[in-house]
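Quick notes on the structure that follows.
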Amino acid sequence: MEADARIKIEGISKSFGPIKALRDVNFELGHKEIIGLVGDNAAGKSTLLKIISGAYQQDEGSIYIEGNKVDIKNPIYAQKSGIEIVYQDFMLAPNLDITANIFLGREIYKNWGFMRKLEKDKMKINAKKTLEKLGFDMDINSNVSNLSGGQQQTVAIARALHFEPAMILMDEPTASLSLGAVEELLERVKKVREHGASIIYVSHRIPEVIEIADRILVLRRGKIANELDPKTTNVTEIVKNMTGTSIN
Amino acid sequence: MLGGSKLNKIKNKIMNFYTENQYGKPVLFLLLVVIICSFLSEHFFTLGNLEAVLITAAPLIILGVGVSLVVLTGMIDLGIEAVAASSGVIMAILDLSFRLPTALSFTIVILYGILVGALVGLLVVKFRIPSFIVTLGTYWGLRGVGMLISGGVPITPSSFTPYNPISYSWLAGYVYDIPVMPIIAIAIAIFVHFYVSQSQRGRHLYAIGGHEIAAGIRGINVEKNKIFVFIVSGTLAAFAGILLSAWLSEGYAWAAKGYSLEAIAAVVLGGIPFAGGHGTVIGVMIGAIIIAIISDIITLMGVSPLYNYIVVAIVLVLAGLQINKRDVVK
Numbered sequence: 006m007e008a009d010a011r012i013k014i015e016g017i018s019k020s021f022g023p024i025k026a027l028r029d030v031n032f033e034l035g036h037k038e039i040i041g042l043v044g045d046n047a048a049g050k051s052t053l054l055k056i057i058s059g060a061y062q063q064d065e066g067s068i069y070i071e072g073n074k075v076d077i078k079n080p081i082y083a084q085k086s087g088i089e090i091v092y093q094d095f096m097l098a099p100n101l102d103i104t105a106n107i108f109l110g111r112e113i114y115k116n117w118g119f120m121r122k123l124e125k126d127k128m129k130i131n132a133k134k135t136l137e138k139l140g141f142d143m144d145i146n147s148n149v150s151n152l153s154g155g156q157q158q159t160v161a162i163a164r165a166l167h168f169e170p171a172m173i174l175m176d177e178p179t180a181s182l183s184l185g186a187v188e189e190l191l192e193r194v195k196k197v198r199e200h201g202a203s204i205i206y207v208s209h210r211i212p213e214v215i216e217i218a219d220r221i222l223v224l225r226r227g228k229i230a231n232e233l234d235p236k237t238t239n240v241t242e243i244v245k246n247m248t249g250t251s252i253n
Numbered sequence: 344m345l346g347g348s349k350l351n352k353i354k355n356k357i358m359n360f361y362t363e364n365q366y367g368k369p370v371l372f373l374l375l376v377v378i379i380c381s382f383l384s385e386h387f388f389t390l391g392n393l394e395a396v397l398i399t400a401a402p403l404i405i406l407g408v409g410v411s412l413v414v415l416t417g418m419i420d421l422g423i424e425a426v427a428a429s430s431g432v433i434m435a436i437l438d439l440s441f442r443l444p445t446a447l448s449f450t451i452v453i454l455y456g457i458l459v460g461a462l463v464g465l466l467v468v469k470f471r472i473p474s475f476i477v478t479l480g481t482y483w484g485l486r487g488v489g490m491l492i493s494g495g496v497p498i499t500p501s502s503f504t505p506y507n508p509i510s511y512s513w514l515a516g517y518v519y520d521i522p523v524m525p526i527i528a529i530a531i532a533i534f535v536h537f538y539v540s541q542s543q544r545g546r547h548l549y550a551i552g553g554h555e556i557a558a559g560i561r562g563i564n565v566e567k568n569k570i571f572v573f574i575v576s577g578t579l580a581a582f583a584g585i586l587l588s589a590w591l592s593e594g595y596a597w598a599a600k601g602y603s604l605e606a607i608a609a610v611v612l613g614g615i616p617f618a619g620g621h622g623t624v625i626g627v628m629i630g631a632i633i634i635a636i637i638s639d640i641i642t643l644m645g646v647s648p649l650y651n652y653i654v655v656a657i658v659l660v661l662a663g664l665q666i667n668k669r670d671v672v673k
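First to last, the protein sequences are chains A and B.
Counting along the first sequence from 1, when you hit position 81 you're at 86 in this note's numbering, and nothing is skipped either side.
Counting along the second sequence from 1, when you hit position 73 you're at 416 in this note's numbering, and nothing is skipped either side.
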């Protein structure tokens with residue numbers, strides 16, 4: 006039995022000047038669990054993901070990975086701890102090809118005197134394998150600037166999955182995808198979970214959160230307002246929790 | 344005679360080379376300039392003239408290679424000509440006045456270039472001052488430093504008694520009838536090109552030029568890399584200053600005038616847009632050679648060298664036209 010949660014968030018708060026983006030946020034993410042995180046604009050969803058992925062530092066509170074307290078001080082630390090993130094705006098270098106983007110910051114190299122010489126062929130083979138495994142049919146040599154929004158999102162997802170992370174944070178991953186592509190993505194996310202990853206899934210599209218999540222956390226004005234069971238809740242109840250008002 | 348379809352095939356091949364190959368634009372520009380120049384002067388295609396072009400291009404290639412890494416990451420370095428000029432002055436003084444061993448003078452001047460580059464990088468990165476402003480400061484400030492330490496006059500062997508020639512003049516000499524300066528410049532360009540295209544750091548420089556925030560989020564140390572490119576630029580500018588000083592047999596605070604903009608023009612001609620992220624160092628070397636050819640043909644045609652700037656400006660605007668708007672406006 007795995008006693009410790011994959012990640013435990015305890016009393017996280019974050020302010021930007023006078024604005025309190027997060028206030029005393031607490032939750033746990035279990036192994037192979039998918040948490041759906043929903044909330045209105047400026048509820049603090051992206052800030053929370055950025056803290057977990059090392060892009061921001063919390064003002065207060067602690068994070069535990071597998072029961073150990075960690076200080077996720079930068080994105081490299083997060084990646085080394087097995088945390089990957091898929092951003093809404095992809096965060097890809099448009100001037101580089103698909104392979105270079107998948108390996109960006111974690112290139113395969115060999116020490117060659119004073120320089121780290123890239124192992125370009127090795128990276129290409131590995132990138133191709135990842136895309137094939139995920140069922141993505143793309144030319145790994147294509148420059149990202151030549152890809153459609155959906156294809157760029159695909160590359161961002163492939164990048165997150167390539168290193169087989171223990172935890173994936175997905176920030177509006179379907180924002181640029183067509184309806185058909187959304188269905189495919191949701192299936193892939195479920196498969197990734199079956200392979201052992203835990204996922205925090207943020208989306209404005211509430212039906213897809215209901216479909217994919219094991220639990221739904223509602224963030225309102227920087228606080229966890231409620232935890233809902235996707236099997237018993239519905240869109241109306243979620244929206245009511247998000248806004249704090251009753252809807253007829 | 345070539346048939347229509349064959350002609351179309353050749354046209355398509357050239358267009359493909361121009362648009363798809365990373366060396367396409369600078370190579371075709373060079374060919375175009377060479378063809379035009381060969382019609383303009385019968386002396387253009389002579390060995391002696393080719394040698395003159397390469398010697399003229401040598402300091403510009405070195406300055407261009409240095410500044411190319413800065414532009415690759417989406418910044419600019421206007422101060423390189425002042426670094427070069429002041430380096431030449433310091434080198435000449437250390438050599439002629441203090442009579443230091445050449446290797447020691449050389450080391451001191453290169454350290455000066457590293458220091459200037461590091462300082463510029465720190466100001467840009469830590470104080471968030473735009474590189475344009477900081478390097479405009481080094482442009483004027485280091486000219487001033489050169490003027491102060493030289494008293495505003497050229498430092499030449501005849502400034503001192505007893506007369507002693509510059510000890511490093513061999514840098515502007517010949518080995519087996521081949522001029523040393525172009526050999527050094529081309530070797531530097533090939534080495535930096537290899538490093539940038541094959542190393543992890545080179546990949547990171549391209550990524551920073553393409554999407555700085557995305558690069559940072561993937562764990563690339565953007566600040567460290569930005570300081571690194573200014574150090575390279577400062578070091579190569581100092582080295583170019585030593586070469587210029589050897590070539591002119593003097594250290595002069597107003598040497599290398601106009602080289603900053605010419606080097607940046609070489610970078611653009613070489614296919615690196617101001618927004619960064621694209622292009623090659625070899626392309627920049629070709630760009631520097633194009634500018635040297637323009638300067639050369641103006642001399643060969645007996646036109647006033649004052650026209651040089653105007654012609655370079657026209658070529659630069661033409662080069663700018665072929666860069667995608669998306670690449671320029673960041």
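The beta-carbon is built from N, C-alpha and C at its ideal position, and this holds for glycine as well.
No experiment lies behind these values; they were computed from the predicted model shown.
Across the structure, GLY487 of chain B and THR416 of chain B are spaced so that their CA atoms are roughly 28 Å apart. The residues THR104, ILE107, ILE145, in chain order, have a CB closer than 6 Å to that of ALA132 of chain A in the same chain once the five nearest residues on each side in sequence are set aside. Interface flag for GLY417 of chain B against chain A is unset, since no Cβ pair is found closer than 8 Å. Taking 8 Å as the threshold, the shortest C-beta distance from GLY367 of chain B to chain A does not fall below it. Here the alpha carbon of MET628 of chain B sits roughly 7 Å from the alpha carbon of GLY407 of chain B.
In this structure, ILE405 of chain B sits near ALA528 of chain B, with a CB-CB distance shorter than 8 Å. Straight through space, the alpha carbons of ILE615 of chain B and ILE56 of chain A are spaced by roughly 36 Å. Here VAL223 of chain A is actually not in contact with ASN239 of chain A; their C-beta atoms are around 13 Å apart, not less than 8 Å. The C-beta of LYS129 of chain A comes no closer than 8 Å to any C-beta of chain B. A Cβ of chain B is located within less than 8 Å of the beta carbon of GLY110 of chain A. In the DSSP assignment, ARG546 of chain B falls within the unbroken alpha helix (DSSP H) covering 543-553. DSSP places VAL377 of chain B inside the alpha helix (DSSP H), whose first and last residues are 367-383. Here the C-alpha atom of SER493 of chain B lies approximately 15 Å from the C-alpha atom of GLY584 of chain B.
Excluding sequence positions up to five before and after PRO178 of chain A, its CB lies within less than 7 Å of the CB of VAL91, GLN158, ILE162, LEU190, all in the same chain and listed in chain order.
If only uninterrupted alpha helix (DSSP H) runs of at least 4 residues are considered, those enclosed by the segment 83-139 of chain A are 103-107, 125-138. B:ARG442 is the residue among B:VAL452, B:GLY620, B:ALA558, B:ARG442 whose C-alpha sits nearest the C-alpha of PRO505 of chain B. Any Cβ of chain A closer than 8 Å to the Cβ of ALA557 of chain B would place that residue at the interface, and such an atom is present. Look at LEU152 of chain A here: in three-state DSSP terms it is coil, with no helix or strand label. Beyond the five residues adjoining it in sequence on each side, VAL410 of chain B comes within less than 7 Å, by CB distance, of ASP420, ILE423, SER576, ALA606, ILE607, VAL610 in the same chain, given in chain order. If you check the CB distance, MET418 of chain B and VAL467 of chain B come in under 8 Å. Taking 8 Å as the threshold, the shortest C-beta distance from ASN31 of chain A to chain B does not fall below it.
By the neighbour-count criterion, in which a residue is buried when 16 or more other Cβ atoms sit within 10 angstroms of its Cβ, PHE372 of chain B is buried. Beta-bridge pairing by DSSP links TYR538 of chain B to no other residue. In this structure, DSSP gives LYS19 of chain A an extended state, which the three-state scheme calls strand. Close to ARG121 of chain A, with beta-carbon spacing below 8 Å, are these residues of chain B in chain order: SER542, GLN543, ARG544. Taking a Cβ-Cβ cut-off of 7 Å, the neighbours of ILE560 of chain B in chain A comprise ALA60, PRO80, MET96, given in sequence order. Chain order gives the chain A residues near TYR538 of chain B as MET120, where near means a beta carbon separation below 8 Å. Taking a C-beta distance under 8 Å as the contact criterion, VAL432 of chain B and GLY594 of chain B qualify as a contact pair. Neighbours of ALA105 of chain A across chain B, judged by C-beta separation under 9 Å: ARG546, TYR549, ALA550.
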